[in-house]
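Peer 1: Take a look at this one; I'll ask things after.
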Amino acid sequence: MSRREKITISKIKQDIPLYIKKMEPERKRKVSAVWDHFDLLTANKVKCRICSAELSFTNKSTSSMLRHYRVKHENEEEANTPRTNTESRKIALDQAVLNFIIKDCQPLSIVESEGFRGLIQALDPSYVLPTRKTVKEMMAKKHAEELERVKREVQQAVAVSITADMWTSLNMEAYLALTCHYINDNMQLCTSVLGVKHFPQSHTADNLAQVKRGMMNDWAITNKVRCLVTDAAPNMIAATRTLQIRHSICIAHKLNLIVKKSCDQIPELSSIRHKSWQIVSFFRSSTTAKEKLAQVQQQMGRPTLKLVTEVPTRWNSTYQMLSRLHDEKEAVWVSLASLQTDLTPLTADEFNILREALLVLAPFHQATVELSEERRVSGSKVIPMMKMLNCALERNSLHLHTQAATHLHDQLRRRVTDTASNLESLSVLTLSTLLDPRFKTLGFRSSSKCSEAVNRLKMECAAVIGHTTSEPQPGPSLEQLPTSGKLFSIISLFSHLFCC
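Okay, structure coming up:
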C-alpha cells in the first residue's frame, strides 16, 4: 500500500464519527405552548386562532405571539375556563347561600326553585347547590353556634337591661319577646333577642314572671339585670314587681298614651279623624280612585304620594295619616269631585282645625321617632325632651285660633307637665341625664329635683370609690306615674333648653 493510500484511509477514519452524527435523525426542538393558539401561514407570518390577527414571525421567535396572547386573550381564557370547586370553596359557597336565606328571610325551598338554580348555574356551573334538607341542618348548626357566641358576649357584660313586649299574631296567638341591651368590651351598645315564646296560658302577672325568669336563667343573666322596660299594662308592671327588678315604663309608649288620651277629649278632632280614615280607606281599596289621585297629582306637578292609613294602637300613624291628607288636600278634593262616591271631603273649617292640631302634635311625633331608635341610648334624653315638649307647646300656643286646637293644647300641656314632674323623681333617668355631657343639669325643669339628683349622684360616686358605705335610697318606679327628633338637632336642642 502506497503512502498516499495510507493517508487517505487515516483521514476517512477520523471523519467517520462526523459522518455517523450527520446520519443520525435530527432531534425535534421543543414546541412552545403558544402554538396552541396560532397557525403558521408562511415562513414569516402566523395567524391567531382566537381573533384572526396576523403577526410577523421572524428568526423563529415566539415572543411576539406570547405578547399578543397575554395582552389580548389571557383574561378571556381564564373567564371562559370552568372553575373547579375545592372542598373549601364548596363550604364557603354553601355558607354564602345560608347567609342569604337567613338575612333576607328566604324560604328553605328557594334552593329548589328553578330561577335561583338557574342563577347559580350561570354564576358558577361547577357549583352544586345543597338540598333543602342539608340547608335545614346547616341552619340548625348555625343557630347553635350563634347562640353560644351571643351567650358568651352577654355573660361577659357587667350589667344589662331588658325590654319585654307582648303581641297577638294574625292567627290570634299570643307571643312574649325578651330583648337584652348591654355595652360590650368595645364600648358598643349591643342588642340581642333572648327569645320569642308562644304564650298560650293566661296573661297573669305570675305566668309572665315565671316565663321571664326562665328566659333570664337560660342566659345566666338574672343577677345582672338592672332594669326591665315594658309598657304600662298592669300585668306587666305586677310581673316585674314579682321578679323584684327595677321597672321602667317605655317612654315612647307613655307619650303614645299622653297623645291618645288628649286627642280623645276633643270631639271635633275625633270627627275629623273618622272622616279622614274613611277617605283614606276609599283611596287605598279602590284601584280607580288610586289611579285618579295619582293622575291629579301629576297634573298639579306634585309627587305621586299615596295616602297613609292609621294603626289604631299607634298614635303616630294617626298623625302620619292626617299629615299626608292635609298635604294632599287639593288633589284629594279634585279626585273625589270626579269620582262617584258618597264620601264628603273635609270642610275648610275642619282643615283649619287639622292644620293647627298638626302644629301642636308635630313635636310629639318627632319625640316618638327619636325615642324609638334602637342604636342610641335614649334614657338620658327623656327629661330634656319633656322640657322641650313643654317649650314647644308654649311657643305654638301663639299660633292657635280654633277652639279645638286650643283645647288639645291645654290637654297635652297638663299631661306633659304632670309626667315631667314625675320623671324628674326617677333615679334611673335623672342620673343618666346628669351623666350625659350634652345635658347635665340643663334638662331639668325643677331646680329642687335637680339638686336632689346631683346629691344622689355624689352619694353613688362616693359609694363606688369607697368613701362612704351609705346606700342611696331607690327612687320611685315608673309604675307609680299617674295614668292621667329627632325632636330637634343637638344644636337646636340646646337653644330650646336655654329658651325655656
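Each residue of the sequence shown is one higher than the last, beginning at 1 in UniProt numbering.
Glycine included, every Cβ here is placed at the ideal spot set by N, Cα and C.
Computed from a predicted model, the values in this text were never measured in an experiment.
1) So which of CYS48, GLN295, ALA177 has the shortest CA-CA distance to MET216?
2) Does HIS181 come out as helix, strand or coil in the three-state DSSP assignment?
3) Just to check my reading of the structure: residue 501 and LYS275 have Cβ atoms closer than 8 Å, yes? What is that Cβ distance to the nearest angstrom?
4) Have a look at the DSSP bridge pairing and note the partners of LEU40.
5) Pick out the complete alpha helix (DSSP H) segments inside the region 284-350, 4 residues or longer, and give them in chain order.
6) At the level of alpha carbons, what is the spacing between ARG273 and LEU322?
7) Would you identify the three-state DSSP class for VAL158, choosing helix, strand or coil?
8) Is CYS263 buried or exposed, if buried means 16 or more other CB atoms sit within 10 Å of its CB?
9) Using a Cβ-Cβ cut-off of 7 Å (strictly less than) and excluding sequence neighbours within five positions of LEU98, which residues of its own chain qualify?
10) Suppose the cutoff is 7 Å on Cβ atoms and the five residues either side in sequence are ignored; what does the same chain contact list for VAL193 look like?
11) Using DSSP's beta-bridge definition, name the partner residues of GLY195.
12) Taking only three categories from DSSP, how would you classify SER202?
13) Going by the beta-carbon positions, is the gap between THR242 and MET236 smaller than 7 Å?
14) Contact between the region 358-372 and the region 249-261: three or more CB pairs below 8 Å?
15) In three-state terms, what does DSSP make of MET386?
16) Checking the sheet assignment: what are the DSSP bridge partners for ALA164?
17) Taking VAL296 and VAL259 to be in contact with their CB atoms under 8 Å, please state how far apart those CB atoms are, rounded to whole angstroms.
18) For SER248, write down the residues that DSSP places opposite it in a beta bridge.
19) So what's GLU373 in DSSP terms, helix, strand or just coil?
20) Hey, is LEU208 close to the ligand NAD, as in C-beta under 6 Å from one of its heavy atoms?
21) Going along the chain, which unbroken runs of the alpha helix (DSSP H) with 4 or more residues stay wholly within the region 435-462?
22) Counting C-beta neighbours from all protein chains within 10 Å, is the total for GLU328 16 or more, i.e. buried, or is it exposed?
23) In whole angstroms, what is the alpha-carbon distance linking THR222 and THR191?
24) Considering only residues of the same chain and omitting the five flanking positions on each side of HIS37, which have a CB-CB separation below 8 Å?
25) Taking 7 Å as the threshold (C-beta atoms), are ILE120 and LEU129 in contact?
26) Counting only the same chain and skipping the five closest in sequence on each side, list residues whose C-beta sits under 6 Å from that of ASP94.
27) Quick one: grab the DSSP three-state call for residue 502.
28) Which of the three DSSP states, helix, strand or coil, is assigned to LEU66?
29) Does GLU356 pass the burial test, meaning 16 or more other C-beta atoms within 10 Å, or should it be called exposed?
30) Decide if the region 392-409 is in contact with the region 437-451; the criterion is three or more beta carbon pairs, one per stretch, under 8 Å apart.
31) State the start and end residues of the unbroken alpha helix (DSSP H) segment that holds SER421.
32) Do GLN403 and GLN265 have their C-beta atoms within less than 7 Å of each other?
33) Rounded to a whole number of angstroms, what is the C-alpha to C-alpha distance between PRO437 and ASP104?
34) ALA294 and THR304: beta carbons closer than 7 Å?
Peer 2: On the basis of the coordinates in this document:
1) Cα-wise, what sits closest to MET216 is ALA177.
2) The three-state reading of DSSP puts HIS181 in strand, counting E and B together.
3) With the chain covering 1 to 500 only, the question about residue 501 has no answer from this structure.
4) Note: LEU40 sits in a beta bridge opposite VAL46.
5) Listed in chain order, the complete alpha helix (DSSP H) runs (minimum 4 residues) inside the region 284-350 are 287-299, 315-327, 329-338.
6) Linking ARG273 to LEU322 through their CA atoms gives a straight-line distance of about 7 Å.
7) It is coil, neither helix nor strand.
8) Using a 10 angstroms sphere on the CB of CYS263, the tally of other CB atoms reaches 16 or more, which defines it as buried.
9) The residues VAL135, MET138, MET139, LYS142, in chain order, have a CB closer than 7 Å to that of LEU98 in the same chain once the five nearest residues on each side in sequence are set aside.
10) Same-chain partners within the cutoff: ALA177, THR179.
11) Within the DSSP secondary-structure output, GLY195 pairs in a beta bridge with LEU178.
12) Taken through DSSP and simplified to helix, strand or coil, SER202 comes out as coil.
13) Taking 7 Å as the cut-off, the Cβ atoms of THR242 and MET236 do not count as close.
14) With the rule of 3 Cβ pairs closer than 8 Å, the region 358-372 counts as touching the region 249-261.
15) Here MET386 sits in helix by DSSP.
16) The beta-bridge partner set that DSSP reports for ALA164 consists of LEU178.
17) Rounded, the Cβ-Cβ distance is 32 Å, inconsistent with contact.
18) In DSSP, SER248 forms a bridge with VAL229.
19) It is coil, neither helix nor strand.
20) Questions concerning the ligand NAD fall outside what the structure shown contains, since it holds no ligand whatsoever.
21) The alpha helix (DSSP H) runs of length 4 or more contained entirely in the region 435-462 do not exist; there are none.
22) The C-beta of GLU328 has 16 or more other C-beta atoms within 10 Å across all chains shown, which makes the residue buried.
23) Between THR222 and THR191, the C-alpha separation is close to 17 Å.
24) Contacts found: CYS48, ARG49, ILE50, MET65, TYR69, HIS73.
25) For LEU129 and ILE120, yes; Cβs fall inside 7 Å.
26) Excluding residues within five positions, the ones whose Cβ falls inside 6 Å are PRO130.
27) Since the first residue of the chain shown is 1 and the last is 500, residue 502 is not available in this structure.
28) Three-state result, LEU66: helix.
29) Buried is the call here.
30) The region 392-409 makes no contact with the region 437-451, as fewer than three CB pairs between them are under 8 Å.
31) Note, SER421: alpha helix (DSSP H), 403-423.
32) Contact check for GLN403 against GLN265 fails: the beta carbons are separated by 7 Å or more.
33) Distance between the alpha carbons of PRO437 and ASP104 is about 39 Å.
34) For ALA294 and THR304, yes; Cβs fall inside 7 Å.
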